[in-house]
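Just below is one structure, and these are the notes that go with it.
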Amino acid sequence: MPELSLELLRDIAWPFALILAWVAGEMGHRWLRLPRISCYGIVGFALAAGQAGLLPVTRGGPMALLAYVAFGLILFELGYRINLSWLRANPWIALTSVLESGGSFAATLAVALAFGMTTLPALMLAALSMSTSPAAVLRVANELRSSGQVTERTLHLSALSCGLAVIVFKSVVGYGLLVSIGSVLQALWSSIVVLAISAGLGALFGVVVPGLLRLFGRLERDSTLAFALGVIALTALTEALKFSPLLAALAFGIVARHRRVVLSQAQRNFGALGDMLTVLLFVFVAATIDWRHAAAGAVLALWIMLARIAVKIAASTLLARVSGVTWRKGALTGLALTPLSVFAILLLEQSRHLGLALLDEMTAIMAMVLALEVIGPVITQRALIWAGEAAPQAER
Amino acid sequence: MPLEPFKASASLTLGVELELQLVSPGDFDLCDAANDMLDLLARKPFPGDVKPEMTQSMIEVSTDVFTRYEPLLAQLRAIRDQLIKAGDRLNVGLCGGGTHPFQRWFHQRIFAKPRFHELSALYGYLAKQFTVFGQHVHVGCDNADQALYLLHALNRYLPHFIALSASSPYSQGVDTLFDSARLNSVFAFPLSGRAPFVLHWDEFESGYFAKMEKTGVVKSMKDFYWDIRPKPEYGTIELRVCDTPLTVERAAALACYLQALCRHLLEDHESAPAEDDYLVYNYNRFQACRFGLEGVIVHPRSHESLSLREDILATLRLIDPHAQALECGGALEEIHRVAAYSGNHAWALRRQREVHGSIEGVVDTAVRLFRGEPEALV
Chain W
155 MPELSLELLR
165 DIAWPFALIL
175 AWVAGEMGHR
185 WLRLPRISCY
195 GIVGFALAAG
205 QAGLLPVTRG
215 GPMALLAYVA
225 FGLILFELGY
235 RINLSWLRAN
245 PWIALTSVLE
255 SGGSFAATLA
265 VALAFGMTTL
275 PALMLAALSM
285 STSPAAVLRV
295 ANELRSSGQV
305 TERTLHLSAL
315 SCGLAVIVFK
325 SVVGYGLLVS
335 IGSVLQALWS
345 SIVVLAISAG
355 LGALFGVVVP
365 GLLRLFGRLE
375 RDSTLAFALG
385 VIALTALTEA
395 LKFSPLLAAL
405 AFGIVARHRR
415 VVLSQAQRNF
425 GALGDMLTVL
435 LFVFVAATID
445 WRHAAAGAVL
455 ALWIMLARIA
465 VKIAASTLLA
475 RVSGVTWRKG
485 ALTGLALTPL
495 SVFAILLLEQ
505 SRHLGLALLD
515 EMTAIMAMVL
525 ALEVIGPVIT
535 QRALIWAGEA
545 APQAER
Chain U
-5 MPLEPFKASA
5 SLTLGVELEL
15 QLVSPGDFDL
25 CDAANDMLDL
35 LARKPFPGDV
45 KPEMTQSMIE
55 VSTDVFTRYE
65 PLLAQLRAIR
75 DQLIKAGDRL
85 NVGLCGGGTH
95 PFQRWFHQRI
105 FAKPRFHELS
115 ALYGYLAKQF
125 TVFGQHVHVG
135 CDNADQALYL
145 LHALNRYLPH
155 FIALSASSPY
165 SQGVDTLFDS
175 ARLNSVFAFP
185 LSGRAPFVLH
195 WDEFESGYFA
205 KMEKTGVVKS
215 MKDFYWDIRP
225 KPEYGTIELR
235 VCDTPLTVER
245 AAALACYLQA
255 LCRHLLEDHE
265 SAPAEDDYLV
275 YNYNRFQACR
285 FGLEGVIVHP
295 RSHESLSLRE
305 DILATLRLID
315 PHAQALECGG
325 ALEEIHRVAA
335 YSGNHAWALR
345 RQREVHGSIE
355 GVVDTAVRLF
365 RGEPEALV
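Residue numbers (the working numbering), protein chains in the order written: chain W, 155 to 550; chain U, -5 to 372.
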């Protein structure tokens, strides 16, 4: 019964890939001291359709939605840790963000154009390279139980850069549509309106969910579950309406936090649910990458990565002293901002329905994501350890 | 190392030390920010002094030596403002309170300094459980015998300071039912409790201390965690039972209450302290820790039961002339307010838990109160 076994294989491929990734994550973490997420990425990439061929090609569908939920949970948690009043009290942090993500945009654009890329894809690539992967930094920081200025700044700068990257990316998409279709309306819709509604929906959830919790008067016990359900609902809604689930989840977290209902320590990462979905997220994203694409974009990717790291370190170091830390901690913050991953692929995935079939054209981003999904978390991990902010080995 | 000689200082001068909590405004848990805070604070002159404490989530500040309430309070406020300014730049919240309401002691990190690592190795989990925050008040003494006299004469008043300063009702996430749960952590140490009943410095030095040193149990006065201990190198006695209050105003008031009380003890000659006074000492101390101002203590001489609240109010009337002489009427007004109607900070924190519905809300209020926002108390 060859058909049956093939079908069977397809059905069990994902769960077994997740188990394999989890095992690799634990082994890599224990013996090689690698961040677990790096190992998940390696397994996902190795098993993907283009490589070992174990995992089926997935475009959209339930796996993609689950990946969005996973990323939504991470962005929510990150948003929840963002303290907007810090940015008011210390505007140098916000300035660092503008400088490092703006610099990353400019540097990437320059490199891409120098490599002969056309304007629109180059602009998109530049927009994507602005962001630091919140999944990577949050996971690594939680894994190390790291605490201090480098950790705190990396998390805040990551959230800010994601927000900026989504805004710039959607604007570029809007511009692209204007150029290719010539419709002002659709251009505006795909950029400003989508951004505004996504953030608005997130903010609405941020008001309603804590409000419900307050109504029930059980803030401490039930908040994790309620927020997780909120993120799932918000992701499904924004995804179905073709808005931005990422921006919505971030806005949800930020608004919920400023409503003063607080997650307790035990609920970091959304517990086992969050852990499971993180495995899925990293396997899924790496599985979208085909080695042929990655290889084709490798040289350009290398140059962009180098330029990007240099800009992030330079910007963060430049403003270190005035923003209240040592030069060294400033440089380490810049270094910790290296990861670029998941986010870019998800954004590109989402733009597919607009008719701008970019994922297959932008091979450089594939290579970058592959490299930085595996290496990026290791760099962040090292930066936090060098900064002396990781908990002692025995206590993690 | 023999005991260093008692360095005389001006009688009734004051110095205040406060151990403060460093909390993350993100989740209101303690955060390991001492290094970053100290780095930033070192950039410009600090009013008084600031130094690391046992774990990375604590910081200790101390004032210069003062004789009067107003300048002491002014410096405490200056210290607070400078700390808050640094905290704002680093996204670190500061607050008082004898315990952090829900921190997990096993998550605390020992500050990288040889003495702290030695203590951590010796005391094991006790050292980390010692993530508690106290206010220490130094009172200057012009000779060593005066120091020992004051130390023992104060025994009967010690519960006042516990009850008035109590601000640690919560520990490890639960209501302990104590007003000062912090002192329970201190009692776990083998050399805690009261000082031995010796009234002459020579006898203390050549007798008790020399014998203890010979046992190898102690090396210096630092190894004693007594409720009140002499500090020969400063020429002071140090009262160590107070929880760090939620405001610097309360801290200054407690210090000056002690100052006025010491002046009363030195000038009005109550009956001399006796060894038997200590028969009720631990019981009274428990009452103050457990019930705060609602506690009922036993008078060491008359053996009658006294409401702690009433006893404080009576003492305030008794020492009023000394407060006038020391110009610390404002401080005693604050103490009167606490004892007569507003209650101690443990009570205030419990009320915040009810209002906010979450223990994180309690920390949020503590952070805002320390910033000098009294409206945070809803």
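Glycine included, each C-beta is placed from N, C-alpha and C at the ideal position.
- For U/His132, the closest C-alpha among the options U/Glu369, U/Arg83, U/Leu307 and U/Tyr251 is that of U/Tyr251.
- In this structure, U/Ala247 sits away from U/Glu321, with a CB-CB distance that is not shorter than 8 Å.
- With distances taken between CA atoms, W/Leu172 lies nearest to W/Ala200 out of W/Ala200, W/Val523, W/Ala353 and W/Met271.
- With a cutoff of 8 Å on beta-carbon distance, W/Ala545 and W/Leu298 are scored as near each other.
- For W/Lys483, the enclosing alpha helix (DSSP H) has its first and last residue at Trp481 to Ala490.
- Under the 10 Å beta carbon count, W/Ile335 is surrounded by fewer than 16 other beta carbons and is classified as exposed.
- Boundaries of the alpha helix (DSSP H) harbouring W/Cys193: Arg190 to Leu201, taken from the DSSP string.
- Approximately 7 Å separates the beta-carbon atoms of W/Met217 and W/Trp168; this is inside 8 Å, confirming the contact.
- Per the Cβ contact rule, the segment 20 to 29 of chain U is not in contact with the segment 147 to 161 of chain U (fewer than 3 Cβ pairs under 8 Å).
- Within the segment 128 to 184 of chain U, the complete alpha helix (DSSP H) segments at least 4 residues long are 138 to 147, 152 to 159 and 176 to 181, listed from N- to C-terminus.
- Annotation for U/Gly9: the continuous beta strand (DSSP E) segment containing it runs Leu8 to Val17.
- Residue environment: U/Ser336 is assigned as exposed (fewer than 16 neighbouring CB atoms within 10 Å of its CB, all protein chains considered).
- According to the DSSP secondary-structure assignment, U/Met52 is paired through a beta bridge with U/Gln15.
- Secondary structure of U/Lys45 (DSSP, three-state): strand.
- Per DSSP, U/Pro224 lies in no alpha helix (DSSP H); the unbroken beta strand (DSSP E) holding it starts and ends at Ile222 to Lys225.
- Burial check for U/Lys38: the Cβ neighbour count within 10 Å stays below 16, so the residue is exposed.
- U/Gly87 has U/Val17 as its beta-bridge partners, per DSSP.
- When 7 Å is used as the limit between beta carbons, W/Gly478 is near these residues of chain U: Leu34, Arg83 and Leu84, in chain order.
- Under the 8 Å criterion on CB atoms, W/Gly233 is classed as non-interfacial with respect to chain U.
- Against W/Gln535, chain U offers no close residue; the least beta-carbon distance is about 17 Å (beta-carbon pairs closer than 8 Å).
- DSSP places U/Asp26 outside both helix and strand once states are collapsed to three, so it counts as coil.
- Apart from the 5 residues on each side of it in sequence, U/Tyr202 sits with its Cβ closer than 7 Å to the Cβ of Pro190 and Val192 in its chain, given in chain order.
- Annotation for U/Tyr275: Asn149, Leu152, Arg188 and Pro294 place their beta carbon closer than 8 Å to its own, counting only its chain and skipping 5 residues before and after.
- Per DSSP, the continuous beta strand (DSSP E) segment holding U/Asp237 begins and ends at Thr230 to Asp237.
- At a cut-off of 8 Å between beta-carbon atoms, W/Asn423 makes no contact with chain U.
- For U/Ile231 against U/Leu343, the beta-carbon gap comes to about 29 Å, at or over 8 Å, which does not count as contact.
- U/Arg345 and U/Val242 have their C-alpha atoms roughly 20 Å apart.
- Residues Val433 of the same chain have their beta carbon placed closer than 6 Å to that of W/Trp176, with the five preceding and five following residues left out of the count.
- Of the other Cβ atoms in all chains shown, 16 or more fall within 10 Å of the Cβ of U/Gln129; this residue is therefore buried.
- For W/Gly302, the nearest beta carbon of chain U is closer than 8 Å to its own beta carbon.
- Under the Cβ criterion of 8 Å, U/Gly20 is counted among the residues facing chain W.
- Contact between W/Ser285 and W/Leu494 holds, with the beta-carbon distance rounding to 7 Å and staying under 8 Å.
- Residues of chain W with a Cβ closer than 7 Å to the Cβ of U/Cys89 do not exist, since the nearest Cβ in that chain sits about 15 Å away.
- With respect to chain U, the C-beta atom of W/Glu306 has a partner C-beta closer than 8 Å.
- Judged by their CB atoms, W/Thr262 and W/Ser283 are nearer to each other than the 8 Å cut-off.
- Around the beta carbon of U/His263, fewer than 16 other beta carbons lie within 10 angstroms, which makes this residue exposed.
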